[in-house]
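Numbering (the UniProt record's numbering), first residue to last: 1 to 166. Beta carbons: idealized from backbone N, C-alpha and C, even for Gly. Single-structure report; data block below.
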Amino acid sequence: MEHPALKRIIFIGDCQVGKTSIIHRYKQRTFSEPYVPTYGLDFYSLGIERNEEIVHLQIWDSSGSPRFINQIKNYMSNSEIIVVIYDIQNRQSFENTIFWIEKQIDRNMQHKLFIVGNKSDPGAQERVFWEEGSIRAKQYNAFFMEVSSKSGENINHLFQCLAFSI
Ligand SMILES: Nc1nc2c(ncn2[C@@H]2O[C@H](COP(=O)(O)OP(=O)(O)O)[C@@H](O)[C@H]2O)c(=O)[nH]1
Ligand SMILES: [Mg+2]
1 MEHPALKRII
11 FIGDCQVGKT
21 SIIHRYKQRT
31 FSEPYVPTYG
41 LDFYSLGIER
51 NEEIVHLQIW
61 DSSGSPRFIN
71 QIKNYMSNSE
81 IIVVIYDIQN
91 RQSFENTIFW
101 IEKQIDRNMQ
111 HKLFIVGNKS
121 DPGAQERVFW
131 EEGSIRAKQY
141 NAFFMEVSSK
151 SGENINHLFQ
161 CLAFSI
């Protein structure tokens, strides 16, 4: 039997939006500038505690590269939560959230969906406004937030929401 407080989560979205950095920021409380592409899929296991309760998160970090789409799809179908990430400083990555949601996610599976705008650094040149992300999330019945793995802004909040708010 499966552990009741286990959640399987997959991070998807374009290359370089910061999927890996968000997980590293939470897990190691660090941020590193050099870009190391994710090859296929990486796996992380996290335990998140609140009060007496611990929720175990199994997180799959995917490559945004089309070469791995089929592999990613397999893991998506096994995930309760799908987190679609874009870079608020890169409008194309925001437009591509539609591709990820409509073309790649099987909407019949009733996954919980999160849309997350990353790189919301203090003083960042914001090219995609918070309202635009929020409207898109409403359209797809998704949770929405902006985070920065560089400054750490909202990163804990994101993982708390993944673990507990649903
Ligand atoms: N300014 C800024 N850069 C970031 C942030 N998060 C990630 N990056 C940078 O964006 C690049 C891609 O990050 P990475 O996590 O590898 O993206 P992935 O391909 O989606 O996994 C790296 O050079 C990171 O240092 C952020 O919050 N702010
Ligand atoms: Mg990556």
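Legend entry - Residues bridged to Val128 [DSSP beta-bridge criterion]: None; Val128 has no bridge partner.
Legend entry - Residue nearest to Asp106 in terms of C-alpha spacing, selected from Met76, Leu46 and Asn51: Considering only alpha carbons, the answer is Met76.
Legend entry - Near ligand 2: Lys119 beta-carbon under 7 Å from a heavy atom: no
Inset, instruction - Identify whether Arg7 lies in helix, strand or coil by the three-state DSSP scheme. - result: Strictly speaking, residue 7 in this sequence is Lys, with Arg absent from that position. If DSSP states are grouped into helix, strand and coil, Lys7 belongs with the strands.
Legend entry - contact_flag[the region 68 to 84, the region 45 to 54] where n(CB pairs < 8 Å) is 3 or more: no
Legend entry - For Met145, the first and last residue of its enclosing beta strand (DSSP E): It spans Phe143 to Glu146 - the beta strand (DSSP E) in which Met145 sits, taken as one unbroken run.
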